[in-house]
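> In terms of the working numbering, the sequence shown has 119 at position 12, counting the first letter as 1, and numbering is strictly consecutive.
Note that CB positions come from ideal geometry on N, CA and C, so glycine has one too.
Remember, it's a predicted structure, so these values are computed and weren't measured experimentally.
Quick one: structure below, then a few questions.
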Amino acid sequence: MKKHEIIVCMGSSCFARGNKATLQKIKDYLKLNNLEEKVVFKGNRCFDKCGKGPNLMIDDKMFHQVSEENVETILDQFFSIFRIY
Ligand code: FES
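Given below as C-alpha cells:
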C-alpha cells in the first residue's frame with residue numbers, strides 16, 4: 108500500500124510563524140494514532156507560498172495558515188478520524 112506523505116514547510120517564514128511547533132504536533136499525532144508506518148513525514152524548503160503560510164502538504168493537497176491549534180483538525184479530517192470529546 109502506498110504511504111501517505113506529509114510535508115511540513117521548513118522555510119524560514121513558515122518555520123518562524125509556527126511550523127516549528129506544528130512539526131512536533133504532527134509527530135505526536137502520528138505516534139498517538141499509530142500512523143507512523145503509514146505516513147512518510149518530512150520537511151521541505153520554502154514552497155514559494157510564504158504569504159499564505161504556514162504551509163503544510165498532505166499528499167497532493169496544500170493547507171495554508173496551519174497552526175499548532177488547527178493542525179489536529181486537518182489531520183483528523185484527512186485520516187477520517189472521528190473523536191468524541
Ligand atoms: S517559507 Fe513556507 S512557503 Fe515560504
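1) Just verifying my parser: in three-state terms, what is the DSSP assignment at Gly125?
2) Which whole-angstrom value describes the C-beta separation of Lys77 and Val178, a residue pair presumed to lie in contact below a C-beta threshold of 8 Å?
3) Is Ser119 near the ligand FES, in the sense that its beta carbon is under 8 Å from a heavy atom of that ligand?
4) What do you get for Leu182, buried or exposed, if any count of 16 or more other CB atoms within 10 angstroms of its CB means buried?
5) Please check the pair Leu163 and Val173, which I expect to be a contact at CB under 8 Å, by giving their CB distance rounded to whole angstroms.
6) Considering only C-alpha positions, which residue in the set Lys156, Asp167, Leu137, Ile188 is nearest to Phe122?
7) Closer than 8 Å: is that where the CB of Phe156 sits relative to any heavy atom of the ligand FES?
8) At a threshold of 8 Å, does Gly150 count as lining the ligand FES (C-beta to nearest heavy atom)?
By the coordinates alone:
1) If DSSP states are grouped into helix, strand and coil, Gly125 belongs with the helices.
2) Outside the shown range of the chain, which is 108 to 192, sits residue 77, and nothing can be said about it.
3) Proximity of the beta carbon of Ser119 to the ligand FES is indicated: a heavy atom of the ligand is located closer than 8 Å.
4) Answer is buried; the Cβ neighbour count reaches 16.
5) Right, their Cβ atoms sit about 4 Å apart.
6) It is Lys156 whose Cα lies nearest to the Cα of Phe122.
7) Rather than Phe, the amino acid found at residue 156 in this sequence is Lys. At least one heavy atom of the ligand FES is found less than 8 Å from the C-beta of Lys156.
8) Flag unset: Cβ of Gly150 not near the ligand FES.
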